[in-house]
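K.L.:
Can you read through this structure? Questions will come right after.
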C-alpha cells in the first residue's frame with residue numbers, strides 16, 4: 001500500500017481510515033450547510049407574509065439593533081443572493097430567538 005512519498009511506507013494508513021477522514025470532512029460541511037439552509041428557510045418564512053416582515057423589523061428595532069438593509073430572498077438566478085442572506089444573518093445574529101420574539105409581539 002505504501003509508496004515512496006508515504007509516511008512510514010504507508011504502514012499505518014488504511015483505506016478504512018481514509019474513508020473515516022472523508023466522512024468527517026463531509027459531515028462538517030453538511031453541518032455548516034444545514035445551518036445555512038435553516039437561515040434561508042427562516043428568511044423565506046418571514047418574506048411569505050407582510051405581517052411577519054413588519055414584526056421582523058419591529059423585533060430588531062425593539063432590541064436596538066441598527067440595521068437598515070434589506071432582507072433578501074434566495075434566488076436561483078442571482079449568484080449573490082445566498083451570500084446576501086447569510087451576510088444579513090451574521091449582522092442580525094443577536095436576534096437568535098427571532099421566531100419566539102415574533103410570536104410574542
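Residue numbers (full-length UniProt numbering): 1 to 105.
Ideal Cβ positions, reconstructed from N, Cα and C, are used throughout, including at glycine.
1) How close, in whole Å, do the beta carbons of residue 92 and residue 81 come, if the pair is a contact with beta carbons under 8 Å?
2) Considering just the uninterrupted stretch of the alpha helix (DSSP H) at residue 63, what are its terminal residues?
3) Going by beta-carbon coordinates alone, are residue 46 and residue 71 separated by less than 8 Å?
4) Below 7 Å CB to CB, which residues in the same chain sit around residue 84 once its five sequence neighbours on both sides are set aside?
5) Is the beta carbon of residue 39 sitting closer than 8 Å to the one on residue 89?
6) If you draw a straight line from the C-alpha of residue 28 to the C-alpha of residue 42, how long is it?
7) Which residue comes first and which comes last in the alpha helix (DSSP H) that contains residue 87?
8) Looking only at its own chain, which residues have a Cβ that is under 8 Å from the Cβ of residue 35, when we skip the five neighbours before and after it?
9) Under a Cβ-count criterion, where at least 16 other Cβ atoms within 10 Å of its own Cβ denotes burial, should residue 18 be classed as buried or exposed?
10) DSSP three-state call for residue 72: helix, strand or coil?
P.N.:
In brief:
1) Incorrect: roughly 17 Å between the Cβ atoms, too far for contact.
2) Residue 63 -> no alpha helix (DSSP H), and no H or E assigned at all.
3) Taking 8 Å as the Cβ cut-off, residue 46 and residue 71 qualify as a contacting pair.
4) Taken in chain order, the residues that qualify are 72.
5) A contact, by the Cβ cut-off of 8 Å.
6) Residue 28 and residue 42: Cα-Cα distance of roughly 22 Å.
7) Going by DSSP, residue 87 is part of the alpha helix (DSSP H) stretching over 81-91.
8) Nothing meets the Cβ criterion.
9) By the 16-neighbour rule on beta-carbons within 10 angstroms, residue 18 is exposed.
10) Reduced to three states, the DSSP call for residue 72 is coil.
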